[in-house]
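Sequence positions in the sequence shown follow mature numbering (1 follows the signal peptide of the UniProt record, and there is no 0) and run -22 to -1, 1 to 434. Just so you know, even glycine gets a beta-carbon here, dropped at the ideal spot from N, CA and C. Since this is a predicted model, take the numbers as computed values, not measurements. Input: a single structure, listed below in structure tokens.
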Amino acid sequence: MRIRLVLPAVALFAATALPAQAAVPADAHVEGRLPSGAAYVMDVPAGWNGTVLLYSHGYTPAGSPNPARNAPDTDTRGKLLAAGYALIGSSYATTGWALTEAVPDQLATLDLFTERYGPARRTLAWGTSYGGLVTTALAERHGDRFDGSLAMCGLVQGGVANWNSTLDPVFALRTLLAPDSGIRLTGFTGQDSARAAAEALTAATDAAQRTPGGRARIALAAALHNIPGHNDTTQTEPGPRDWAARQANQYTAVRGLLQQPAFGWRQEAESRAGGNPSWNTGVDYTAMLRGSPLYKEVTELYKEAGASLGADLAALNRAPRIAADPRAVRWMRDTSVLTGRLTDPQLMIHTTGDALIPVQAESAYRRAATAAGSRPLLRQAYVGGPGHCTFTPGETVGALHTLEHRLDTGHWDASPAALNARARTADPASEARYLTHHPASYPRPYDLAHPEDARP
């Protein structure tokens, strides 16, 4: 029997708190709204095991439906409920770059849960994509509320680094493919302005894809964002030296970057920040390319096209640069940049073939945690596969159990073998693809543990 309760927040606040791990006579499903206007959802199984998982969902574009979510997918939700976990989460009060709403709304959802069901034996924060940033912000800023956290495919490089890294490939595309176009890359007046810029640069990119030299330049832009050559589950994995197939896959991802994140999503973030929070003043694109794992591909494609990589890099390095609005940088730094300071264990997992939030984001957070003295509390693990957040339910649940093992024993056991064993136990029917991986350095990290990052 499953009880479905749809209650306003005030009703839950009025409830009398129950003892820790209060008995739940039947599966309960609770929905409602917080005072902020955010929706929330709670699923508590009969025989709750005493652990509550606070799920932070990924980025929701402005104007899109914004339901409350408490798990990344229905299969994972079902497995966790069957194992006795309570699952809770909110929608956040607004869509878009909503970290300022997401953190308090998630904490308010946890308060409501505690009000109704009593203190949990263990409270874990977890989230995917943009929700990985929300999860890590919760862990850093409100560690007293959680026992541990799991950030999956997370935007853990933080806001400033994200928008800088999103600027670099579109700057390269405009400079090399449409140098006299005047296409805006920042400072949009609204979504119409952002949409027009996206369409213009997409058209130039589509035209370039039809020539060998244009394809080489698109590969160069992809390398500045570390877009892998196998980045979608619908793609056949190219051979390690099949440069043409790898570039074709990157082209598809570059088009996706142009259609939403680099323009429409940026405009929404700029509207919150009060200006442009990113810059490329002082950036040496030659050095950035040489540090990219895609350097060899780019050089080979330029050779095949008979084009001059040196000339294009020189054009990038002498092109007029984009300066940030200091007020917008301060806003993004104060709201959306991480410190690396953890007080409880955190596990991060990432697919190696992620084009939206490249796996190098993990290097950025490792850098911050190292400087902040939190490395013993942090572990990062990698799933060998294409796509953004394309973990199997077993891989997700296996990661959760790895975090719990650390909490139970005081020791990490996060090797690929251990993670794969737990993943297969959780879901014998699906793949277990954890492997040893060492991401390259993030090209332009920015965190609060490094004061030198503070100057654009």
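CB contact flag (residue i, residue j, <8 angstroms)
i: residue 420; j: residue 350; result: no
i: residue 195; j: residue 186; result: yes
i: residue 295; j: residue 264; result: yes
i: residue 335; j: residue 107; result: yes
i: residue 255; j: residue 134; result: no
i: residue 83; j: residue 64; result: no
i: residue 272; j: residue 204; result: yes
Residue i to residue j span [Cα, whole Å]
i: residue 197; j: residue 166; result: 26 angstroms
i: residue 62; j: residue 56; result: 10 angstroms
i: residue 171; j: residue 95; result: 48 angstroms
i: residue 117; j: residue 275; result: 38 angstroms
i: residue 430; j: residue 424; result: 9 angstroms
i: residue 426; j: residue 188; result: 43 angstroms
i: residue 401; j: residue 355; result: 22 angstroms
i: residue 169; j: residue 386; result: 49 angstroms
i: residue 436; j: residue 73; result: What is shown of the chain runs -22 to 434, which leaves residue 436 out entirely.
i: residue 227; j: residue 207; result: 6 angstroms
i: residue 293; j: residue 411; result: 41 angstroms
i: residue 297; j: residue 183; result: 19 angstroms
i: residue 266; j: residue 403; result: 42 angstroms
i: residue 110; j: residue 136; result: 10 angstroms
i: residue 382; j: residue 388; result: 10 angstroms
i: residue 376; j: residue 319; result: 25 angstroms
i: residue 340; j: residue 230; result: 23 angstroms
i: residue 418; j: residue 152; result: 26 angstroms
i: residue 434; j: residue 262; result: 14 angstroms
i: residue 157; j: residue 75; result: 30 angstroms
Close beta carbons around residue i, own chain, < 6 angstroms, minus the five adjacent residues each side
i: residue 240; result: 144, 148
i: residue 146; result: 202
i: residue 101; result: 30, 124, 125
i: residue 92; result: none
Nonlocal neighbours in the same chain, by C-beta distance under 8 angstroms from residue i, ignoring five residues either side
i: residue 384; result: 126, 323, 325, 357, 390, 391, 392
i: residue 17; result: 9, 10, 11, 44, 45, 46, 68, 69
i: residue 104; result: 31, 32, 33, 34, 113, 127, 128, 129, 130, 378
i: residue 173; result: 241, 242
i: residue 416; result: none
i: residue 122; result: 321
Helix, strand or coil at residue i according to DSSP, with G and I counted as helix
i: residue 82; result: helix
i: residue 42; result: coil
i: residue 2; result: coil
i: residue 324; result: strand
i: residue 9; result: strand
i: residue 447; result: The structure shown does not extend to residue 447, since the chain is modelled only from -22 to 434, so the question has no answer here.
i: residue 213; result: coil
i: residue 66; result: strand
Cutoff 7 angstroms; reference residue i; Cβ partners in own chain excluding five residues on either side
i: residue 435; result: Nothing about residue 435 can be reported from this structure: the residues present for the chain run from -22 to 434 only.
Point to revise | Three CB pairs or more closer than 8 angstroms across the segment 79 to 98 and the segment 127 to 146 | key: no
Review point. Is it a yes or a no for the segment 212 to 231 touching the segment 243 to 255, going by three-plus beta-carbon pairs under 8 angstroms?
Key: no
Check your understanding: Can we say the segment 281 to 289 touches the segment 44 to 55, given the rule of at least three CB pairs closer than 8 angstroms?
Key -> no
Check your understanding: Okay, do the segment 217 to 232 and the segment 301 to 318 touch, 3+ Cβ pairs below 8 angstroms being the bar?
Key -> no
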